[in-house]
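So the protein lines, in turn, are chains V and C.
Under our numbering, read the first sequence as residues 4 to 170, first letter to last.
Under our numbering, read the second sequence as residues 4 to 170, first letter to last.
First comes the structure, then the notes that go with it.
Number of protein chains: 2
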Amino acid sequence: MLELKDLPDAHILKKFADRYPDADIDRVIQFLTFLRVATDLSNGLDRYLNAHALLQGRWWVLVLLMREDDACSSPSKLAEKAGVSRATMTGLIDGLQRDKLVSRMVSPKDRRQSLVKLTSKGQAKLDEVMPEYYRRVRQLMTALTDEEGDMLMQVLMKLNQQAQVFD
Amino acid sequence: MLELKDLPDAHILKKFADRYPDADIDRVIQFLTFLRVATDLSNGLDRYLNAHALLQGRWWVLVLLMREDDACSSPSKLAEKAGVSRATMTGLIDGLQRDKLVSRMVSPKDRRQSLVKLTSKGQAKLDEVMPEYYRRVRQLMTALTDEEGDMLMQVLMKLNQQAQVFD
DNA sequence: TGAAAATAATTAGGAAGCTAACTATAATCT
DNA sequence: AGATTATAGTTAGCTTCCTAATTATTTTCA
Numbered sequence: 004m005l006e007l008k009d010l011p012d013a014h015i016l017k018k019f020a021d022r023y024p025d026a027d028i029d030r031v032i033q034f035l036t037f038l039r040v041a042t043d044l045s046n047g048l049d050r051y052l053n054a055h056a057l058l059q060g061r062w063w064v065l066v067l068l069m070r071e072d073d074a075c076s077s078p079s080k081l082a083e084k085a086g087v088s089r090a091t092m093t094g095l096i097d098g099l100q101r102d103k104l105v106s107r108m109v110s111p112k113d114r115r116q117s118l119v120k121l122t123s124k125g126q127a128k129l130d131e132v133m134p135e136y137y138r139r140v141r142q143l144m145t146a147l148t149d150e151e152g153d154m155l156m157q158v159l160m161k162l163n164q165q166a167q168v169f170d
Numbered sequence: 004m005l006e007l008k009d010l011p012d013a014h015i016l017k018k019f020a021d022r023y024p025d026a027d028i029d030r031v032i033q034f035l036t037f038l039r040v041a042t043d044l045s046n047g048l049d050r051y052l053n054a055h056a057l058l059q060g061r062w063w064v065l066v067l068l069m070r071e072d073d074a075c076s077s078p079s080k081l082a083e084k085a086g087v088s089r090a091t092m093t094g095l096i097d098g099l100q101r102d103k104l105v106s107r108m109v110s111p112k113d114r115r116q117s118l119v120k121l122t123s124k125g126q127a128k129l130d131e132v133m134p135e136y137y138r139r140v141r142q143l144m145t146a147l148t149d150e151e152g153d154m155l156m157q158v159l160m161k162l163n164q165q166a167q168v169f170d
């Protein structure tokens, strides 16, 4: 997306502002910086997970399964909770099953449905990854004061309410 | 990643906190909410661009080219500015060239290098997409007060300085 | 009851991202 | 000058995401 270091200089900004008078430079920079910082943090998380032979999408499925009392869910529920399509969830579960971190069986109650279950190997993988993950998130977020943290949440909620502006 | 609507309830949080005592719930929620809102906004931008037969990666290459005085750059410079690998940039340029939005030629000065140039069709595509893009970004970001906008940038810079916590 | 509609999961095909390996060219350094 | 090293770009093979189409099963309702 955008490297923070090379935000456009005044000369370039003028060129864009002349051609596109609706541009609000400060707000565009806020928007792009927001996306860029989030992308960088997401990539950082991926690097950490990768060192444990996991990736963000698959890791999140394990976390969602651990949330369940019986460590069990269905692909469509997981897809909805993870915010991805059911087709994507099929692929994530395929990979996890290949690595034996989850098991898949047909639901006895509804033969259309699968039941995905966290295996003991999957739980062990979480136990390997989560403590250090939590320590690093704490380290990251304590860069913010409590007030900044609260403000950030408030701002995120406001932006979330505007999520349909692009539709 | 995480649906804002189904953040874990107290019962689940206790389960995780018991097993992983280093978890700092509030900060984890801040972190995950940040990634989720950014993902949703990025997907919104993609939906908008998609309606104009563009996608975020390709669109950004066009924007970077328009920033140049001669509408011209090389794949590796573009990759660095866009924050993607050179291999990814090759693919983005392939797609743009197929749609005749950019042209590619070998540099006469250094035969290893390519020169990528925004075509008039590419500029026309930007002129089609950018005004409405700027209006929507303005609409999105004016949900924040000026103070909130300033605070957001300050927070983003702080988080950016911590980008190496996952290494 | 039996046809139509809805639901769950998958497959197919494509985009955008990555690393690692490869080719071609240019620069450097004995 | 010639061998080595560095640089620019691409290719190959992988993951993660998407939409649209397909298959199997269940539900609905005429």
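A virtual CB, placed ideally from N, CA and C, is assigned to each residue, including glycine.
On the premise that V:Gln59 lies in contact with V:Leu67, defined as a C-beta separation below 8 Å, what is that separation, rounded to the nearest angstrom?
Not quite, the Cβ-Cβ distance comes to about 13 Å (not below 8 Å), so this is no contact.
Per DSSP, what are the beta-bridge partners of C:Val109 in this structure?
DSSP, once it has assigned bridges, lists C:Ser117 as partnering C:Val109.
Taking the alpha-carbon positions, what's the C:Val40 to C:Asp113 distance?
Distance between the alpha carbons of C:Val40 and C:Asp113: 44 Å.
Just grab the DSSP bridge partners of C:Ser88 for me.
Answer is none; C:Ser88 lacks a bridge partner.
Determine which residues share a DSSP beta bridge with V:Ser76 and list them.
Per DSSP, V:Val119.
So what does DSSP say about V:Thr148, is it helix, strand or coil?
Reduced to three states, the DSSP call for V:Thr148 is coil.
Would you mind sorting C:Arg89 into buried or exposed? The rule is 16 or more other CB atoms within 10 Å of its CB.
Classification of C:Arg89: exposed, given that the 10 Å Cβ count is below 16.
What in chain V is Cβ-close to C:Glu151, meaning under 8 Å?
Met154, Gln157, Val158, Lys161, listed in chain order.
Could you check if V:Asp43 is buried or exposed, using at least 16 other CB atoms within 10 Å of its CB as the buried criterion?
By the neighbour-count rule (16 or more Cβ atoms within 10 Å), V:Asp43 is buried.
By the criterion of Cβ-Cβ separation under 8 Å, what are the contact partners of C:Gly47 in chain V?
Chain V residues near C:Gly47: Ala166, Gln167, Val168, Phe169, Asp170.
What residues of chain V sit near C:Ala146, judged by a beta carbon separation below 8 Å?
Here the neighbours are Lys161, Leu162, Gln164, Gln165.
With burial defined as no fewer than 16 other Cβ atoms inside 10 Å of the residue's Cβ, what is the status of C:Lys124: buried or exposed?
Exposed, since its Cβ has fewer than 16 Cβ neighbours within 10 Å.
Using a Cβ cut-off of 9 Å (strictly closer), state whether C:Arg89 contacts chain V.
It does not; no Cβ of chain V falls within 9 Å.
Using only the heavy atoms of the ligand MG, determine whether one of them is closer than 8 Å to the beta carbon of V:Met160.
With respect to the ligand MG, the structure offers nothing, as it holds no ligand at all.
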